[in-house]
Structures are given as structure tokens and as C-alpha cells.
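Reading through the C-alpha cells given below for one structure.
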Amino acid sequence: MKVPRCKGTRDLLPQDMTKFRHIEAEFRNCCLGWGYQEIRTPVLEYLHLFTSAGTLSPDMLGRVYSFLDWDGWSGERVVLRPDGTIPAARLYVENLQNLPIAKLFYVENMFAFEGTGEESRERWQCGAELIGGSKPEGDVELLSLGLEAIARLGIDPVEIRLAHAGLLKTFLEGLGLSGEQEAEVLDQIFSGNVDVLADIKGRNPELEKQLQLLFGIKGSSPGFVENLRSVCAPSLPALEPSLNELARIASLLTALGFGYRIDFTSGRGFEYYTGIIYSFYSSGRRLGGGGRYDELVPLVGGGSVCASGFALYVDELMDLAEEMPRRERILVKAKDGEGLKDSLEVARLLRGAGYIAEFDLGYKETSGFRWIVDMRAGEGIELIDQLSGEKQRKSSPAELLNFLEEMGSK
Amino acid sequence: MKLALPKGQLQESTAALLKEAGFAIADYRKGSRSYRPRCEGFPGLFTKVFHERDIAIQVAIGNYDLGICRLDWVEELLAKYHSDAVVKVGDLGYGKRTLYAVAASSSEAKSLEALRSRSQSLRIVSEYPNLAESFALKQRLRRFQIFPAWGAAGVYPPENAELAIVAEATSKRLREQGLVPVAAILQSSACLVANRNSLEGKDLGQLLAALSRPDVGDVGVEEAVGVGAGKRARRSVSGEPVVSLALPDGHQQPHTIDFLNRAGLKIDGYDAGKPTARPRIGLDGVMVKVIRPQDMPLQVANGNFDLAITGRDWLLDHHFRFPSSPVEELLELGFGKVRIVALVTQDMPVSSTDDLRELKRDSALRVASEYVNIADRYAYDNHLTPCKVVPTWGASEAFLPEDADVLIDNTQTGSTIARHNLKVIDTLFESSACLIGNTEAMGRLDKRERISFLVEAMRRGVEAHPVS
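Line by line, the protein sequences are chains U and E. Read in order, the letters of the first sequence correspond to residues 0 to 409 in numbering that gives the first Met the number 0. Read in order, the letters of the second sequence correspond to residues 0 to 467 in numbering that gives the first Met the number 0.
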């Protein structure tokens, strides 16, 4: 009886893994270059790490894989990690609180139930977290890091969309909704459903209009933030700090020559966001996103430490990343008996020079190989170029390697 | 066409509804015990009687086209399993009740705000663990533990849980039990549910037309929920360390009463046939509560109770799930002897578990049981693959043969087995009543003396009437 793979999961085949490892390697090199250090948190965490108020919405918590462990008679549930940032914050609080600034990155899989069949229930993410920095410069560093990692994969163009969680929250507070309503609306906006705004009936009709405006127009310059300030701040002065932060980030990005769009409908994210929210888009697809989460570290039991971070979605990157140059494959037809040693030696030298050297284990189809090295016929080495069909004889492994290098086959 | 009918509280009204609709079903009325009542006037209709909780599940997995059960059980299923397989066709208007989150009226924390601001973990006990979890998530409770219970959830607060999620017709009934509602979670009444595929692909028109009652309207709640002062609890929790003992309700109760009498432990208010949650024992610092034997091992493991009288079957079921749990059997009490057996229908061509393994099948073997973990272990140990364990909530014999292939159940005399045309293919183990205790509690200085007093008294009770 054939047993299929589990519903909602995917297999990564050899060609997928090649891409996956390429993305992972580029992301790691990029992060290491910026001074970030790699961490890996456990797949299992306690559920209450995520239920701690304001960290994940009830909707997301309703889709986590949670269960009682073998010693879970106390009712304490564990979950398969549904998110990378909260465990990273926990790891920081548990191990690294003495550092003034922790720059961390990870490549990890996240789990969440998904019933539509459109996405996998296991998703890999490349994430970076900057814990301990409160300045907008930190957010801009992360944005630049994210852009660089995406650029290394040959994905172009990439669009940045900005929104601001603090500004949204202040607005909703100003509307005078009940605590429950407010949480519900925020939840919807963070899940990407901004239609919910049309139905808001608060106690402040003027703010309602401004909110519609906020979601109706999109800006692409620091001037836009100033326009918002003129329209909204007089009736809701509490918006000032958020507007200042947004203005600062917008002007930094402008100064760095990055294009961006301020678009409050793009505010997909997590409830733990408190400040700037950004998303990376390419070809209409959301490649990842991040934001500032200044209250998360205290919520998971740490000190009053600010933080910011982002994650890129590996599934999306795999679809868009450029094909990378592949190493040349060379087929080695080995001698039997006494001569096997020579064949092994040639293969070893080829691998040392950066080629993939495979022994012929009875391939029927050799078209995947540009070169065939035949050690079986007489003295020396016979080299067959499958592109041209030419055969030639090399007297020594060194001569073979020189020739291949000249042909630019590496 | 297959219809699942509820047993218990809804039986009388459901029978009346069916009769009125022209589907008089013989053997289905208040208190009737037949699991397969027949509808003479409608030969194409197959009906089976289930515990209400099983009906939502049976309809969802497509074993039944239609079912009648209360909405709370449908929501309990959907809270965990986001499925569109069950369609709520209509409200039938009877069996109204509300699912409340309740606290003890004597407790300090009786509002959601007070509960939310607690720094310790909140213990929530319920027959509706999935709804309890989604309630906790929606209310943003920071840290909580859900204890699933087979029943008597309202007895746990305040000592053994901060909150219980219980279904009651009115909040007045709660107050009579020393409870106050903290929130009304769901209003519920009997409803007609359908399997989506059946609804889309089969002609159920005749039954649907007869059972739909468009005139019923919304389910009313009989009164608004307010956080009232309520009655003061009948007993307050003293600061002195209390040893707690759980006694069983149900059919173990008369035997337990006899046994406690032999042990010289006088307990007031624990009388057969009368519902009592908190009997009184004439010993200082000892608290007694009456809960379901199924729930005891988990409760003792958690330290909510120090000692309990339950069956070895339930202890074993617990240990299979939680192998390092700090609960152990202290005494075999000598009554309530049963065998835990594997059953199949008479016509199944097998006579042992080995035969079962050899049986040619197109689909997974379905093993039904109230003992989910014992059933799981039985299938695992006997290499019965592929296999699905179907949890049941009573009336388990009814599952064979249509809705399960094997049943793991207990039997005392074998008469139920014969009546349902079943046969035993394996005996897993023998079980009887036992005293269980929390190993950590027994080592505690403040509890040790009282615990050993109770254990010694019970040991004398066993010796007075030796285990045969």
C-alpha cells in the first residue's frame, strides 16, 4: 500500500534543495557580512510563550499545532513553532540579555494549519532580528539588509511598502471602540483584510473619515508624511510620535536612494508590532516583511528592550530566484581491478578542482554530462566532449585539468 | 438515508418531533435503550442512537447524513477541527441551554478582568475542552491549562480549578451550585445538522422538510449574565493544608459506599442515587468531592486531588498517555471487577486479534473505544496497521459494525455483549476499583499523616472483605 505524504506538506526534491541551499547560503553570507549572528531555536516551545498577551492573534493561535507532551498531564501544551520572532525574543531573554545589542538571524521552519491547500503547513523563513536598538536607523539597517539579500538572488525590481502599527493603533484608540472591537479590527488589518474599516462605527466621525483617507491614498516621499500630519495630528495629537518616526524612516530611505510606497493597506503583520511595518514585494508577490516590536521583549519576561526584525519567505524566493550557475558534471568511466586506483585518483583531483566527478554506475543516459573521462581504453585518459563529439587523449591528470580550465568548464 | 439520534436529555422531545413529522420510530422514546430503533413507515431510513457528542463527529465524517444534537457539541467539534463538513441546517427550538464560563461564588476572581490579571496559570476544567481553549485565546488569557473532564466540571472550582465551562439552562441553576457566571459563551439548543456531501449529493428532502422548523426563531437566553454576588460558598478554603479525596459517581457509587462503611470512613451526603458534589467526611483537613472516575488519574497527577477511588482501567489509560505521570495505585479495593476486551460482531470471520491482523481490508481498521489510549496501544502492540482510533462517549456497542470494526470496552457479566450480537476476540487485562494517589503529595510533610491515615483505613476495609 502506497503511503502518501501528510496533507498540507511538500517534499523538496533535489532541484528544490539546490535552490533552497542557495537562498540560505546567500542570506547567511549577507547577514554575517552585516555582523549578524546565527541562532536556531527549538521546534517545540510552550504554548504560553505565544499566548502571552498581544503576541499572536487568537486567529493565528487557533491554527497552531499544539498538543500535550508525554509529560503534559498538567495541561501545559507545547506547540510546533508558529513564528520565528517570539522564540528569538525568548532566546534573547534567556541567554543574551547582557548584550547591549543583539543582532541575530535564523533560517527556520514555521508550522501553522492551512486548510485551503494553497500553501504548505510548514514554511521556511529567513529572519533577522535587531534586539536592543530603538533608533529608526536600526529599522533602515534591517530594510537594507533584506534588500541586499533579495538582490543577491537576482530578484529585481523589489518594492518596499511601509505602514506604521503605532499610528494605526493610536487611530483605533481615538475612535473609541471597545477593547474587544479594537483588537478585532487590528487583527483584521494585520491579516491583510482592510475592508473591515468600512464597517467601523466609532464615536468620532471625523477620525473615521481620516482613517478612510489614510487607507485610501498612498505616498512615496517624506512630504506625504507631512501632509498626513497636517490633516490628522490636530484632531489626534497622540499621533505625533508615530508620524515623527515614519517621517524619519522615509527621509532616510529617500537619502539612501531606495524607492518606497507608504501604503497603510500593506500593514500585514503581527500584533506584536508597535512601530514601522514594512513589506518587500516583487512581481506582485509579498516576499517577506517585518517591523518594530518594542513591547515584545518585556512581554516574554525580559527588560524594557526595543527590537525590530523581518523575515523572508523561502517558498516565495524559490519561485522568483534566478537560476544559479551549476557546477560542471563529469562522468568518469573507471578501470576495473588494478586500474581502479588511478580512476579514483583522477576523480579526486577533479573534485578538488571544483568539478562534480561521478563514477559511471551504469548510466544509460549521459546527456547530463558535458565531459566523459574514460580511463578504460589503453594508456592515458580519453576525454570526450559531448557538445562537439570530439575525443582526445591526455597523458596525465594534470594535462586533463589544464585543458578543462582552458575550456572554461569550471 | 442515515439519521443519528441523540440519547439522554433530548430523547423525549426528539421522539415527539419525529412523531409529529410523521416518522414514528418504534423503540425511541424517553428512556428507551435500543440503539437501532426502526422507522416502520420509512424503510429506506437507518437510524442509530448515539451520545450527543458523537453525533456531530459522526455527521462530520460522513457516517450519517443527518443528526440531531445540541449546537454546543457541533461548535466543540468545529472549534478544533476547522471543517466545513458539517452544515447546521436548522434550530429545533428545544433543549435550550447556555454554555457559561463559571467561577465559584466564594472565589476572589469572578470577573474576566480579575482572571486576566492573574499572574499564575489559570486552570479551566470542561467537558468542552476545545471551546474552553478558544474562549481562553479570545479572552487573551496569558497562561492557562485546560483539563478535559467527562463530567461534573462545576464541582472543581474553587479548589481544583479557577474556571469551569459548563452548560446549564439558567444561571439560577449555577447559583444553586455555588457558582457564578463570568461569561456566557454560547447559546445552544437542539439543532439539525447535515453532512455537506450528503446535502449536496443525496436527496434528503423528505426528512429535511419534516424536520426543519422555520418558525422556531432565535434561541433565547433565559436571563442576562451578570456577575452577581451569589451565595457564599458552603465551605471556605482554610489556610491549613487539606488532603483531598475524590469519590466516583455513577455505577461505582453503591459499591464505594459499602466499601467506605467497611473501612469505617463515615461520609455524609454520598448516597446512591442522589447527586452530591461535596459530601462531608468527619475528619479535619480532609476534603471530599464527587467527580467522574475517568477524570481522576489526570486530576491526581496534577495535584488537584491527593487520593481518588477509580478503576485500574482509567489509571492504565492515563499512564499510556503520560508514562511518567506521578500517579500510582495504592490499593486494590476488590470491587467493580471487569475485563477489558476487544469485541467484534458475531458475523465477522475472526476469532482472535491475530486473525484481525490477517484480515484483508481496503481501508484502515476502525477501533472504537472510550479508552482512547488503551485502544491506541492495543492497535500498536498488535501491529494493526493502518488503523484509526475512534473515540466514543458512551453507547459504544452501537458503533459496531457500521461505524467501527473493533470495540475496546469493559464487560462484567457478558450480557451486554450477547445482547448486541458481539463476540470477544481478546482479553486485554482485568480491572477493578483501586485507590490511587499522587506520589509527590505522599512525600509532603503537611499531607503525609492524613494521607496514610486514609490509606490505612481503606486497607482495613479491604482486609475486612478480602479480595477474592
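Cβ coordinates follow ideal geometry from the N, Cα and C atoms, glycine included.
Inter-residue Cα distance where the pair is residue i and residue j
{"i": "residue 14 of chain E", "j": "residue 22 of chain E", "result": "9 Å"}
{"i": "residue 355 of chain E", "j": "residue 401 of chain E", "result": "17 Å"}
{"i": "residue 96 of chain U", "j": "residue 301 of chain U", "result": "8 Å"}
{"i": "residue 246 of chain U", "j": "residue 320 of chain U", "result": "32 Å"}
{"i": "residue 263 of chain U", "j": "residue 75 of chain E", "result": "37 Å"}
{"i": "residue 77 of chain E", "j": "residue 156 of chain E", "result": "27 Å"}
{"i": "residue 315 of chain E", "j": "residue 445 of chain E", "result": "29 Å"}
{"i": "residue 89 of chain U", "j": "residue 403 of chain E", "result": "46 Å"}
{"i": "residue 117 of chain E", "j": "residue 135 of chain E", "result": "13 Å"}
{"i": "residue 160 of chain E", "j": "residue 431 of chain E", "result": "28 Å"}
{"i": "residue 270 of chain U", "j": "residue 278 of chain U", "result": "15 Å"}
{"i": "residue 468 of chain E", "j": "residue 58 of chain U", "result": "Past the edges of chain E, shown from 0 to 467, lies residue 468 of chain E, and the structure says nothing about it."}
{"i": "residue 377 of chain E", "j": "residue 360 of chain E", "result": "18 Å"}
{"i": "residue 134 of chain U", "j": "residue 194 of chain U", "result": "32 Å"}
{"i": "residue 379 of chain U", "j": "residue 84 of chain U", "result": "59 Å"}
{"i": "residue 322 of chain U", "j": "residue 22 of chain U", "result": "11 Å"}
{"i": "residue 398 of chain E", "j": "residue 112 of chain E", "result": "45 Å"}
{"i": "residue 281 of chain U", "j": "residue 6 of chain U", "result": "29 Å"}
{"i": "residue 470 of chain E", "j": "residue 64 of chain E", "result": "Nothing in the structure corresponds to residue 470 of chain E, since chain E is present only between 0 and 467."}
{"i": "residue 91 of chain E", "j": "residue 173 of chain E", "result": "25 Å"}
{"i": "residue 227 of chain E", "j": "residue 189 of chain U", "result": "Caution applies to residue 227 of chain E, whose pLDDT of 36 falls short of 50 and renders its modelled position unreliable; the value that the coordinates give is listed next. In a straight line, the C-alpha of residue 227 of chain E is about 37 Å away from that of residue 189 of chain U."}
{"i": "residue 52 of chain E", "j": "residue 82 of chain E", "result": "16 Å"}
{"i": "residue 423 of chain E", "j": "residue 410 of chain E", "result": "10 Å"}
{"i": "residue 116 of chain U", "j": "residue 106 of chain U", "result": "24 Å"}
{"i": "residue 207 of chain E", "j": "residue 426 of chain E", "result": "44 Å"}
{"i": "residue 258 of chain U", "j": "residue 219 of chain U", "result": "7 Å"}
{"i": "residue 126 of chain U", "j": "residue 56 of chain E", "result": "40 Å"}
{"i": "residue 235 of chain U", "j": "residue 174 of chain U", "result": "10 Å"}
{"i": "residue 521 of chain E", "j": "residue 88 of chain E", "result": "Limits of chain E in this structure are 0 at one end and 467 at the other, which puts residue 521 of chain E out of reach."}
{"i": "residue 46 of chain U", "j": "residue 78 of chain U", "result": "6 Å"}
{"i": "residue 389 of chain E", "j": "residue 18 of chain E", "result": "32 Å"}
{"i": "residue 216 of chain E", "j": "residue 93 of chain E", "result": "Here the model assigns residue 216 of chain E a pLDDT of 42, short of 50, so the residue's position is not dependable, and the following value carries that caveat. For residue 216 of chain E and residue 93 of chain E, the distance between alpha carbons rounds to 11 Å."}
{"i": "residue 97 of chain E", "j": "residue 369 of chain E", "result": "26 Å"}
Presumed contact (8 Å Cβ cut-off) between residue i and residue j, rounded CB distance
{"i": "residue 11 of chain E", "j": "residue 28 of chain E", "result": "7 Å"}
{"i": "residue 292 of chain E", "j": "residue 309 of chain E", "result": "4 Å"}
{"i": "residue 265 of chain E", "j": "residue 277 of chain E", "result": "The pair is not a contact, with the Cβ atoms about 15 Å apart (cut-off 8 Å)."}
{"i": "residue 245 of chain E", "j": "residue 307 of chain E", "result": "4 Å"}
{"i": "residue 0 of chain E", "j": "residue 66 of chain E", "result": "Not a contact, Cβ separation roughly 12 Å."}
{"i": "residue 312 of chain U", "j": "residue 164 of chain U", "result": "So it is not a contact: roughly 20 Å between Cβ atoms."}
{"i": "residue 112 of chain U", "j": "residue 62 of chain U", "result": "4 Å"}
{"i": "residue 196 of chain U", "j": "residue 185 of chain U", "result": "Not confirmed; about 11 Å, so no contact."}
{"i": "residue 261 of chain U", "j": "residue 208 of chain U", "result": "Between residue 208 of chain U and residue 261 of chain U the Cβ distance is about 19 Å, and since that is not below 8 Å, they are no contact."}
Strand pairing of residue i, partner residues [DSSP]
{"i": "residue 67 of chain E", "result": "E:191"}
{"i": "residue 123 of chain U", "result": "U:108"}
{"i": "residue 144 of chain E", "result": "E:122"}
{"i": "residue 13 of chain U", "result": "The partner list for residue 13 of chain U (beta bridge, DSSP) is empty, contrary to what the question assumes."}
{"i": "residue 415 of chain U", "result": "The requested residue 415 of chain U is not part of the displayed model; chain U covers only 0 to 409."}
{"i": "residue 95 of chain U", "result": "In DSSP, residue 95 of chain U forms no bridge with anything."}
{"i": "residue 325 of chain E", "result": "Residue 325 of chain E pairs with nothing; no bridge assigned."}
{"i": "residue 267 of chain E", "result": "E:279"}
{"i": "residue 317 of chain E", "result": "Partner(s): none; residue 317 of chain E has no beta bridge."}
Closer than 6 Å: residue i CB and nearest the ligand SAM heavy atom
{"i": "residue 387 of chain U", "result": "In terms of ligand content, the structure shown is empty, and the ligand SAM therefore cannot be addressed."}
(message) Output needed in chain order: residues of the segment 72-105 of chain E with a Cβ under 7 Å from some Cβ in chain U.
(response) 81
(request) Pull out every residue of the segment 40-69 of chain U whose Cβ sits closer than 7 Å to any Cβ of chain E, in chain order. (result) 47, 50, 51, 52, 57, 60, 61 and 69
(request) Enumerate, from N- to C-terminal direction, the unbroken alpha helix (DSSP H) stretches of 4 or more residues contained entirely within the segment 218-302 of chain U. (result) 221-231, 239-255 and 295-298
(message) Using a Cβ-Cβ cutoff of 9 Å, what residues of the segment 168-199 of chain U are near chain E? List them in chain order.
(response) 179 and 182
(request) Please name the residues in the segment 116-147 of chain E whose beta-carbon is closer than 8 Å to at least one beta-carbon of chain U, in chain order. (result) 120, 122, 133, 135, 136, 137, 139, 140, 141, 142, 143, 144, 145 and 146
(request) Only counting runs of 4 or more residues, tell me where the alpha helix (DSSP H) segments fall wholly within the segment 342-376 of chain E, in order along the chain. (result) 352-357
(message) Can you pull out the residues from the segment 293-310 of chain E whose beta carbon lies closer than 7 Å to at least one beta carbon of chain U?
(response) Residues 297, 300 and 301.
(request) Please name the residues in the segment 359-391 of chain E whose beta-carbon is closer than 8 Å to at least one beta-carbon of chain U, in chain order. (result) 385
(message) Short of 7 Å Cβ to Cβ, which residues in the segment 73-104 of chain U face chain E?
(response) 73, 74 and 75
(request) Quick one: which residues of the segment 323-352 of chain E get their C-beta closer than 7 Å to a C-beta of chain U? List them in chain order. (result) 323 and 324
(request) Quick one: which unbroken alpha helix (DSSP H) runs of 4-plus residues sit fully inside the segment 2-63 of chain E? Chain order, please. (result) 10-19 and 51-59, all fully within the segment 2-63 of chain E.
(message) What are the residues in the segment 266-292 of chain U lying within 9 Å of chain E by C-beta distance?
(response) none
(request) For the segment 39-55 of chain E, enumerate the residues whose C-beta is nearer than 8 Å to any C-beta of chain U, in chain order. (result) none
(request) At 4 residues or longer, and completely inside the segment 73-124 of chain E: list those alpha helix (DSSP H) runs for me, N to C. (result) Every unbroken stretch of the alpha helix (DSSP H) spanning 4 or more residues and falling wholly within the segment 73-124 of chain E is given here in chain order: 111-115.
(request) With 9 Å as the C-beta to C-beta threshold (strictly closer), list the residues of the segment 350-366 of chain U near chain E in chain order. (result) none
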